[in-house]
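Q:
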Amino acid sequence: MTAGGLLALAVFLVDTFTQLQGAVAVVYLVVVLLVAASGSRRAIGGAAFGCMGLTLVSFVRGHGWPGLDAAMLRCLVSLSAIAITAVLSLRARDRMATIAGQARLIELTHDSIFVRDMDDVIVLWNTGAEQLYGWTASEAMGHRATDLLGTALPGHHTCVDAALFSTGRWEGEVTQRHRDGRLVIVAARCALLRDDRGKARVILEAGTDVTARRAADAALGDSERRYRSMFEKARFSFWEEDWTRVMARIALLREEGVTDLAAYLQAHPAFVRECCGLTLVTDVNDATVRMLGGHSREDLVGPLDRFLPATDTTFGRVILTIALGGGVAEGETHLINFKGERLTVLFALNMPLGPTRFDRVLVSVVDITDRKRAERALMAVQSELAQAARITALGEMSASIAHEVNQPLAAIVTHGEASLRWLRRPTPDLQEACDAIERVVRDARRASEVVHRVRSLASKEPRQHVRFDLATLVAECALLLEGEMAQHHVMLSVDIAPEAPLPRGDRVQLQQVVLNLMANAIRAMSCVPGARALVLRALPDGEESILVEVEDSGTGIPEDIAVHLFDAFVTTRGGGMGMGLAICRSTVESHGGRLWATNRPEGGATFHFTLPVTVAEEADA
Ligand code: ADP
Numbered sequence: 195m196t197a198g199g200l201l202a203l204a205v206f207l208v209d210t211f212t213q214l215q216g217a218v219a220v221v222y223l224v225v226v227l228l229v230a231a232s233g234s235r236r237a238i239g240g241a242a243f244g245c246m247g248l249t250l251v252s253f254v255r256g257h258g259w260p261g262l263d264a265a266m267l268r269c270l271v272s273l274s275a276i277a278i279t280a281v282l283s284l285r286a287r288d289r290m291a292t293i294a295g296q297a298r299l300i301e302l303t304h305d306s307i308f309v310r311d312m313d314d315v316i317v318l319w320n321t322g323a324e325q326l327y328g329w330t331a332s333e334a335m336g337h338r339a340t341d342l343l344g345t346a347l348p349g350h351h352t353c354v355d356a357a358l359f360s361t362g363r364w365e366g367e368v369t370q371r372h373r374d375g376r377l378v379i380v381a382a383r384c385a386l387l388r389d390d391r392g393k394a395r396v397i398l399e400a401g402t403d404v405t406a407r408r409a410a411d412a413a414l415g416d417s418e419r420r421y422r423s424m425f426e427k428a429r430f431s432f433w434e435e436d437w438t439r440v441m442a443r444i445a446l447l448r449e450e451g452v453t454d455l456a457a458y459l460q461a462h463p464a465f466v467r468e469c470c471g472l473t474l475v476t477d478v479n480d481a482t483v484r485m486l487g488g489h490s491r492e493d494l495v496g497p498l499d500r501f502l503p504a505t506d507t508t509f510g511r512v513i514l515t516i517a518l519g520g521g522v523a524e525g526e527t528h529l530i531n532f533k534g535e536r537l538t539v540l541f542a543l544n545m546p547l548g549p550t551r552f553d554r555v556l557v558s559v560v561d562i563t564d565r566k567r568a569e570r571a572l573m574a575v576q577s578e579l580a581q582a583a584r585i586t587a588l589g590e591m592s593a594s595i596a597h598e599v600n601q602p603l604a605a606i607v608t609h610g611e612a613s614l615r616w617l618r619r620p621t622p623d624l625q626e627a628c629d630a631i632e633r634v635v636r637d638a639r640r641a642s643e644v645v646h647r648v649r650s651l652a653s654k655e656p657r658q659h660v661r662f663d664l665a666t667l668v669a670e671c672a673l674l675l676e677g678e679m680a681q682h683h684v685m686l687s688v689d690i691a692p693e694a695p696l697p698r699g700d701r702v703q704l705q706q707v708v709l710n711l712m713a714n715a716i717r718a719m720s721c722v723p724g725a726r727a728l729v730l731r732a733l734p735d736g737e738e739s740i741l742v743e744v745e746d747s748g749t750g751i752p753e754d755i756a757v758h759l760f761d762a763f764v765t766t767r768g769g770g771m772g773m774g775l776a777i778c779r780s781t782v783e784s785h786g787g788r789l790w791a792t793n794r795p796e797g798g799a800t801f802h803f804t805l806p807v808t809v810a811e812e813a814d815a
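Per this note's numbering, numbering of the sequence shown is gapless, rising by one per residue and ending at 815.
#1: At what residues does the beta strand (DSSP E) containing PHE541 begin and finish?
#2: With H, G and I counted as helix, E and B as strand and the rest as coil, what does DSSP make of ASP814?
#3: Among the residues of its own chain, which have a CB less than 6 Å from the CB of LEU203, if the five just before and after it don't count?
#4: For ILE316, count neighbouring Cβ atoms within 10 angstroms of its own Cβ and tell me buried if that reaches 16, exposed if not.
#5: Is any non-hydrogen atom of the ligand ADP found closer than 7 Å to the C-beta of LEU775, if you look at the structure I gave you?
#6: Just to confirm the assignment, what range does the alpha helix (DSSP H) spanning GLY401 have?
#7: Looking at C-alpha atoms only, which residue of ALA280, THR330 and ARG661 is the closest neighbour of SER234?
#8: Whole alpha helix (DSSP H) runs in the region 770 to 809 with 4 or more residues, listed along the chain?
#9: Examine the ligand ADP and report whether any of its heavy atoms sits within less than 7 Å of the Cβ of MET712.
#10: In the DSSP assignment, find the unbroken beta strand (DSSP E) run with PHE552 in it and report its ends.
#11: What's the call for ILE278, buried or exposed, on a 16-neighbour Cβ count within 10 Å?
#12: With a threshold of 7 Å, establish whether the CB of ILE740 neighbours any heavy atom of the ligand ADP.
#13: Once the 5 residues before and after TRP329 are set aside, which same chain residues still bring their CB inside 6 Å of it?
#14: Is TYR222 buried or exposed, if buried means 16 or more other CB atoms sit within 10 Å of its CB?
#15: Report the three-state DSSP secondary structure of TRP319 (helix, strand or coil).
#16: With a cut-off of 8 Å on the beta carbons, I'd call LEU789 and VAL782 a contact; round off their distance for me.
#17: Can you check whether the C-beta of VAL220 is within less than 8 Å of a C-beta belonging to chain C?
#18: Let me confirm a value: ALA810 is counted as buried when at least 16 other C-beta atoms fall within 10 Å, else exposed. Which label applies?
#19: How long is the line joining the alpha carbons of ALA815 and LEU704, rounded to whole angstroms?
#20: CB LEU805 to CB HIS785, shorter than 8 Å?
#21: Quick check: what's the CA-CA separation for ARG287 versus ARG236?
#22: May I ask whether a heavy atom of the ligand ADP can be found less than 7 Å away from the beta carbon of ALA799?
#23: Using the rule of at least 16 other Cβ atoms within 10 Å of the residue's Cβ for burial, across every protein chain shown, is ASP313 buried or exposed?
#24: Is the region 524 to 534 touching the region 492 to 504 in the sense that three or more CB pairs, one from each, lie closer than 8 Å?
#25: Would you kindly report the start and end of the unbroken alpha helix (DSSP H) that includes LEU675?
#26: Is the beta carbon of GLY750 within less than 7 Å of some heavy atom of the ligand ADP?
#27: Grab me the residues of GLY401's own chain with a C-beta within less than 6 Å of its C-beta, minus the 5 sequence neighbours each way, in chain order.
#28: Given a threshold of 16 other Cβ atoms within 10 Å of its Cβ, counted over all protein chains shown, does GLU745 qualify as buried or as exposed?
#29: Output yes or no for whether 8 Å exceeds the beta carbon distance between GLU426 and VAL557.
#30: Please state the DSSP three-state secondary structure of VAL466.
#31: In this structure, does DSSP put ASP411 in helix, strand or coil?
#32: Under the three-state reduction of DSSP, which class applies to ILE188: helix, strand or coil?
#33: Alpha carbon to alpha carbon, what distance is there between PHE509 and ALA813?
#34: CB ALA241 to CB VAL225, shorter than 8 Å?
#35: If you draw a straight line from the C-alpha of ARG448 to the C-alpha of MET441, how long is it?
#36: ALA291: buried (16+ other C-beta within 10 angstroms of its C-beta) or exposed?
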């Protein structure tokens, strides 16, 4: 400013007091430019008007007011030159102010921004670029960007250039080099800036460091690939299921006011079935396809209910576990394969994404059909053995009855005949007859004792006294009868009151009782139409006893055998021995309990038996 003022003064003096004839006035332009370099708009205006004023003063002083001659024209040219210079300086200043503002903005952003000209030479380098690449602005500017950063583009550079020149923009991930030599992955956004005439001037490149994000993505991808390969190649069966619709259905149920979901599910098997249909199998592994005998995964994708038997009761329990927020449910259930065969499987279901995401429920399944078949065969053999042992015992018992009772019977006959002879004499000998009859009575007593002895042998106390879990025992029976139940479409429900005490006794013998009653119930239902429900109930019977009921919806007990139902050899079944109920009663009674049967008014029969739970403890003590 000061320099400008001094220069103006010098020009004025020279112009006014020398004979240079106004030519020196051109130097006023330098004054305006000097002020424009650092002054404000007002200073530029002031300098311009000042210089023009001084030019006029010098002119009038040297020439007067001559009219439009050559000197006057020179003066006008000088004035115009000063004015034009001032206007251009003002415009340049405005543009500089805009550029400075933009540069400040560029500095403010966290992104890396650098500008390269059309020769790839860096002309602007912001703080973000310093942080991202490690070079300071002064180090980077003037270098070719590709040399400095070793940029590796995702495709060929001609494709990138083509996009940049046709649309003015390009975005993509590039790999560049940091000052310390390591590679950084940068999400780059490039813009081609053109001048007013459309000529390409510079390329602005903004970038964000995504190295860490890409590393995390890669780790995630890696873990997903590992999981995928485990899922696909595992020898166990894996299922991925979408439970979203089931959970929405349950939420609706709750909105409708259902609070006790467990009770609701138990009372509405159709709802459980509906939920099964709403559960979608979204993916399975090869082991699953093999297990079910399908051709491809696509065969299995879709609603789950195709694979669960209609009589399944496990699914309701699983729904409950999941709905109550349990992330894991496991147990044993059945699946129907593509040939319509029934498989017994162990399953474990869990929520890998936590209890709020239901679209990726993972279920692992192990086929235990063969193991179960072997177990069943073993149990059947055991059961047959027990039956055979009983029949043998029965045979032995009969033989011993025959042998032990035969003697007194023969003696009774002999003494009876003798007494008849004494009485038939012309003069009956009453004394002899009485003696013979007394012997008859004595031998009859002996026979009765033999019978009593054999009976007490038959109903001897159970051999084992163990406390056992009735639910497990019933589950084992259900397993043995599974085939028959499925064949006759029998739905079993087990309702053991939580407060029911654990029974004690000979587990094998009592299992035979339950098995017998359940088998009879299934047979009684096999020939009736409609729903076939077998219910096994257990509840406390007073303080010291448990009451077990086996209820069916079958034919009911035929009236003609009702009175003798528990006697040996009473049967209405062709091929039946009629020994089952007799043995059941003697087993229950030998445990100190009672067994009886009633017909249900709505059809079907109920067999009830009690077992004292303390007697055995006393016996133990
Ligand atoms: P079996 O089964 O060899 O006939 P049981 O002693 O087990 O011998 O049964 C005797 C008879 O009792 C059966 O033949 C049948 O008529 C009748 N019975 C047993 N259980 C039931 C039942 N749940 N419903 C109707 N009748 C039954």
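Glycine residues also receive a C-beta, built at the ideal position from the N, C-alpha and C atoms.
In this text the structure is predicted, and so the values were computed from the model without any measurement.
A: On the basis of the data shown:
#1: 536 to 544
#2: Because the pLDDT at ASP814 is just 37, under 50, the model does not fix this residue reliably, and the point stays unresolved.
#3: none
#4: buried
#5: yes
#6: Here GLY401 belongs to no alpha helix (DSSP H); instead the beta strand (DSSP E) covers 394 to 403.
#7: ALA280
#8: 774 to 784
#9: no
#10: Element bounds for PHE552: n/a, residue is neither H nor E.
#11: exposed
#12: no
#13: ARG373
#14: buried
#15: strand
#16: 4 Å
#17: Note that chain C does not occur in the displayed structure, where there is just one protein chain.
#18: Summary for ALA810: the model assigns pLDDT 40, below 50, so the residue's position carries little reliability; its value from the coordinates is reported in the next sentence. It is buried - the Cβ of ALA810 has at least 16 other Cβ atoms within 10 Å.
#19: Residue placement at ALA815 is flagged as unreliable, the pLDDT there being 30, under the threshold of 50; the coordinate-derived value follows with that caveat. Distance between the alpha carbons of ALA815 and LEU704 is about 21 Å.
#20: yes
#21: 12 Å
#22: yes
#23: exposed
#24: yes
#25: Segment: none, LEU675 is in no alpha helix (DSSP H) and carries neither H nor E.
#26: yes
#27: SER306, VAL380 and ALA382
#28: buried
#29: no
#30: helix
#31: helix
#32: Outside the modelled stretch of the chain, which goes from 195 to 815, sits residue 188, for which no answer is possible.
#33: With a pLDDT of only 37 at ALA813, under the threshold of 50, the placement of this residue in the model should not be trusted, and no figure is reported.
#34: yes
#35: 10 Å
#36: exposed
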